[in-house]
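This report concerns only the one structure given below.
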Amino acid sequence: MAITTMPTDTQATSILDAAALLRAVAQGIKARRLSSTEWETTSSSGQGRYTVLLDADGGARCTCKAGQYARFACKHATLVQVLARVLDDNREQTDDLPF
Ligand SMILES: [Zn+2]
Numbered sequence: 003m004a005i006t007t008m009p010t011d012t013q014a015t016s017i018l019d020a021a022a023l024l025r026a027v028a029q030g031i032k033a034r035r036l037s038s039t040e041w042e043t044t045s046s047s048g049q050g051r052y053t054v055l056l057d058a059d060g061g062a063r064c065t066c067k068a069g070q071y072a073r074f075a076c077k078h079a080t081l082v083q084v085l086a087r088v089l090d091d092n093r094e095q096t097d098d099l100p101f
């Protein structure tokens, strides 16, 4: 059996951060899909909107400050990554989103 190791150059944004997801949920951040690669989320204050772009590898980039400068995905990008995966698993039900 071959032993595999984690690639050192894995894109950080493709790794899901459970703490970031919990922050997004706790702060009531909502996300909606604009296209297969583009989502819009609310800000934690509810005042602003951010755009999250998904790439083919499952990574995500967000237009918020943390998303632009942090090495790891922000809470908005993480929420979108999770929702996109859920939609992917239920592709036939993507027409009527509850948000
Ligand atoms: Zn963000």
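With my numbering applied, the sequence shown covers 3 to 101.
Backbone N, C-alpha and C define an ideal beta-carbon position, used for all residues, glycine too.
The structure displayed is predicted, hence computed values, not measured ones.
| request: Taking all protein chains shown into account, decide if Gln70 is buried (16 or more other Cβ within 10 angstroms of its Cβ) or exposed. | output: When all chains shown are included, Gln70 counts as exposed.
| task | Within its chain, find whatever has a CB closer than 7 Å to the CB of Leu18; leave out the 5 residues flanking it on each side and keep chain order. | result | Once the five neighbours on either side are set aside, the close Cβ partners of Leu18 are Thr80, Gln83 and Val84.
| Tell me which same chain residues have a C-beta within less than 6 Å of the C-beta of Ala26, skipping the five on either side of it? | The residues are Lys77 and Leu81.
| said: Assuming contact is defined by CB atoms lying nearer than 8 Å, are Arg51 and Trp41 in contact in what I supplied? | reply: No, these two residues do not count as a Cβ contact at 8 Å.
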